[in-house]
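Every number in this note's numbering is 33 more than the matching position in the sequence shown, counting from 1.
We put the beta carbon where it would ideally sit given N, CA and C, even for glycine.
Since we're looking at a predicted model, the values are computed, not measured.
All remarks here apply to the structure that follows.
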Amino acid sequence: MLQIGIAGVGRLGRFHAGKILSDPRCALAGVYDIDPVRNQEAARDFGVKAFGSYTELLAACDAMDIVATTSAHYELAKTALHAGKPVFVEKPLCVELRQAEEVVELADKLGLSIQVGHIERFNPVIFAAERHISSPLFIESTRISSFQPRGTDVSVVLDLMIHDIDLILDFVNSPLSAVRANGAGILTPTLDIANARLEFACGTVANVTSSRVSLKQERRLRFFQKDTYISLDLIAKRGSVVQRSEAAENLLRQMLRSDEAVKPEELVETQSLEPAPEDKDALALELEAWVDAVLSNTKPVVDGQAGLRAMRAAALITDAINQQPNIKYG
């Protein structure tokens, strides 16, 4: 049975603990948090040991689940890797690109795996849509939410936008050729709202918007490709695929030959994407995939290179925003 330690048992870390305890292939070796009260409370609630130091927890586990604040990822991941433990690291991989590069290089050198917590890869509606997405010409993503102090140790680009950056980079297998972006800090010293236009060598363009200072929550992803439009609601976990109908060409010719109007619904066929209600939630699927990779010693679904690729794109977006007059954000 795989013994897993959790570093960081705040709100998200507690969710992780619950999922790990529900997997019969693994056990929760214990928890560690720099807040001693939170550490003891989590240990009591989950019936495991609260370790007094991260080093002690590492010695008691086979693999480490890092769910601490982003600014701690670098040191926690390096220490775990040096101790010979494969790791799961919540997104973003690190605060700074150079840190992420160092962590991934160390993991490769030691022959250890990293899975990065890009949870949207495991959203059931993403699984349902994958077979319909082939060669997108234009992608539009919107990820907005109300302000929450959690996550504000990094900019909205690393806090929220990086989810969509990762998804887009996974669907568009082509190098970035240009990045244009703008943004602003509203409630924090760093970016709270940002928009980026990503242009790829293959011709695909993506428009990505993220905000953590909105009055509502929305996570939508739209793909436009030849004869097909795909719209996904990542919160509701449902979507639709709108495709040009077989009769569309004849109907369009008919319209051109006469003044008779053609109803838009006659030109397309719509298919709903609604995963089965019994489908597991994304976090359970994500952690199960990590356990699979550790137990089989195989490459994780979202490995260190994928996390690093998303961070490199995020750095380009931040650099583009910093080119705005009188703007300087990390």
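Run the CB neighbour count on residue i, radius 10 Å, all protein chains shown included, and call it buried at 16 or more, exposed below.
i: ASP141; result: exposed
i: ARG154; result: buried
i: PRO69; result: exposed
i: GLY236; result: exposed
i: LEU220; result: exposed
i: GLN181; result: exposed
i: GLU138; result: exposed
i: GLY367; result: Here the chain has residues from 34 to 363 only, and residue 367 is not among them.
i: GLY337; result: buried
i: LYS118; result: buried
i: ILE67; result: exposed
i: ASP325; result: exposed
i: THR103; result: buried
i: SER207; result: exposed
i: LEU145; result: buried
i: SER86; result: exposed
i: ALA211; result: exposed
i: ALA234; result: exposed
So which of the options has the shortest CA-CA distance to residue i?
i: TYR20; options: ASP56, GLU89, ARG58, SER104; result: A question about residue 20 goes unanswered here, because the residues of the chain that appear run from 34 up to 363.
i: LEU191; options: ARG345, VAL136, GLU319; result: ARG345
i: GLY340; options: VAL246, ASP197, ILE159; result: ASP197
i: ALA353; options: ASN215, ARG277, VAL275, GLU129; result: ASN215
i: ARG245; options: ASP186, LEU318, LEU265; result: ASP186
i: PRO157; options: LYS270, GLN73, ILE147, ARG47; result: LYS270
i: GLY150; options: GLU232, GLN250, HIS49; result: HIS49
i: ALA162; options: ASN72, VAL327, SER55, PHE257; result: PHE257
i: SER55; options: ALA326, THR331, VAL327, LEU320; result: LEU320
i: SER168; options: THR175, ASP203, LEU193; result: ASP203
i: PHE160; options: VAL327, PRO308, MET97; result: PRO308
i: LEU126; options: SER174, SER329, PRO119, ILE147; result: ILE147
i: ARG77; options: LEU209, ARG47, ASP98; result: ARG47
i: VAL335; options: VAL205, ASP199, TYR262; result: ASP199
i: ILE350; options: VAL327, GLU232, ASN330; result: GLU232
i: GLN73; options: ALA105, ALA40, ASP314; result: ALA40
i: VAL128; options: ALA105, LEU145, PHE121; result: ALA105
i: ARG164; options: LEU306, VAL327, GLN357; result: LEU306
i: LYS124; options: LEU248, PRO222, ILE152; result: ILE152
i: LYS52; options: ASP95, LYS313, ARG183; result: LYS313
Just checking my contact of residue i with residue j at CB under 8 Å: how many whole Å lie between their CB atoms?
i: LEU109; j: ALA101; result: 6 Å
i: ALA317; j: PRO333; result: With a Cβ gap of about 16 Å, ALA317 and PRO333 do not count as contacting.
i: GLN250; j: SER329; result: Contact flag wrong, Cβ pair sits at about 36 Å.
i: ILE99; j: ILE166; result: With 8 Å as the limit, ILE99 and ILE166 do not qualify as a contact, their Cβ atoms being about 31 Å apart.
i: ALA217; j: LEU224; result: 7 Å
Leaving out five residues on either side along the sequence, give the residues of the same chain with a beta carbon under 8 Å from the beta carbon of residue i.
i: ALA93; result: GLN36, GLY38, ALA62, GLY63, LYS82, PHE84
i: ASP266; result: VAL158, ARG252, ARG253, GLY272
i: MET71; result: According to the sequence shown, residue 71 is Arg rather than Met. Only VAL42, GLY43 meet the Cβ criterion.
i: MET34; result: ARG58, CYS59, ALA60
i: LEU91; result: GLY38, MET97, THR112, ALA113, ALA116, LYS118
i: ILE268; result: GLN250, GLU251, ARG252
i: LEU170; result: GLY236, THR237, VAL238, PHE257, GLN258, LYS259
i: VAL327; result: LEU35, ASP95, ALA96, PRO119, SER146
i: VAL205; result: PRO169, ILE172, PHE233, CYS235, THR237, ALA239
Taking 6 Å as the limit between beta carbons, can you name the residues of its chain near residue i, skipping five residues before and five after?
i: SER243; result: ARG176, VAL189, LEU193, MET194, ALA227
i: ILE172; result: ILE201, ALA239, PHE256
i: PRO304; result: The sequence shown places Gln at residue 304, not Pro. Only VAL274 meet the Cβ criterion.
i: ARG342; result: LEU202
i: LEU45; result: VAL100
i: ARG230; result: ARG213, ASN240
i: ALA315; result: ILE152, PHE155, ASN156
i: SER174; result: ASP197, VAL241, LEU254
i: ALA133; result: LEU126, CYS127, LEU341, MET344
Within the same chain, show all residues whose beta-carbon is closer than 7 Å to that of residue i, passing over the 5 residues directly before and after it, in chain order.
i: ALA348; result: LEU130
i: MET247; result: What sits at residue 247 in the sequence shown is Ser, not Met. Here the set comprises ILE177, SER178, SER179.
i: VAL122; result: ILE99, HIS106, ALA110, ILE147, VAL149, GLY150
i: GLN357; result: ASN215
i: THR331; result: none
i: PRO222; result: none
Problem - Continuous alpha helix (DSSP H) assignments of at least 4 residues falling wholly in the stretch 181-235 - result: 195-204
Exercise for the section: Go through the stretch 82-134 residue by residue and report every complete run of the alpha helix (DSSP H) that reaches 4 residues or more, in order. Expected result: Counting only runs of 4 or more, we get 87-93, 103-115.
Handout entry: Ordered list of alpha helix (DSSP H) runs contained in the stretch 145-185, each at least 4 residues
Key = Listed in chain order, the complete alpha helix (DSSP H) runs (minimum 4 residues) inside the stretch 145-185 are 157-162.
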